[in-house]
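For the sequence shown, position 152 matches number 150 in this note's numbering, and the numbering has no gaps at all.
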Amino acid sequence: MKHFALLGWIALSSSVFAQANVAEANNVFAQVKAMVGGVWRGTVGEKLPVEIRFRLVEDGRVVESDGIVGDPKKPVLKMHAKMGIDPETNQVFYLDQHNGTTIYFGHIGQGTGELIFDFTGLSGDTGHWRNHSKIVGDQYESTLNVVDAEGTETALHPLVLKREKG
């Protein structure tokens, strides 16, 4: 009898935990969806121009983005990313491709007043990265960090984007 009570408690606890994960994933994804619309322009570091457009696809279940870093006439880097809720893990996934040769995968979570993109290279780059981002109205600010084997983050460069109509 005690075993059945314990199993019931475990099942109930798992259900409550899963519901909490769903609520957090929905909140994170709502923040990601705030990027949809207009053209986001700015600079990475101090010099390189950046332009990114976000749109909803898959009946609103996925945010897709296309962007460039560098001179729009001959960009240094072309980016294509997708973000959505993984129904198996109840986390927001992040899949990003750079120049058709480098692929990153990870998840987006919440920090205190920020979104945290935690991802690793699958092809073309084997690094572990963490991007701390804040979206306030029509402004996006982030810092890309490299993460070492001990989990220590080292900041690489800031990114500031502002939404323009377009």
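Where a beta carbon is used, it is the ideal one built from N, C-alpha and C, also for glycine.
Bridge partners of Thr100 according to DSSP: His96. In this structure, the alpha-carbon of Lys132 lies about 17 Å from that of Phe117. Within 10 angstroms of the beta-carbon of Arg161 lie 16 or more other beta-carbons, which makes it buried. Shown here, Asn88 sits in coil according to DSSP, grouped into three states, outside any helix or strand. The continuous stretches of beta strand (DSSP E) do not include Pro70, and DSSP gives it neither H nor E.
By the criterion of at least three beta-carbon pairs nearer than 8 Å, the region 40 to 49 is not in contact with the region 98 to 114. Beta-bridge pairing by DSSP links Gly40 to Val48, Leu159.
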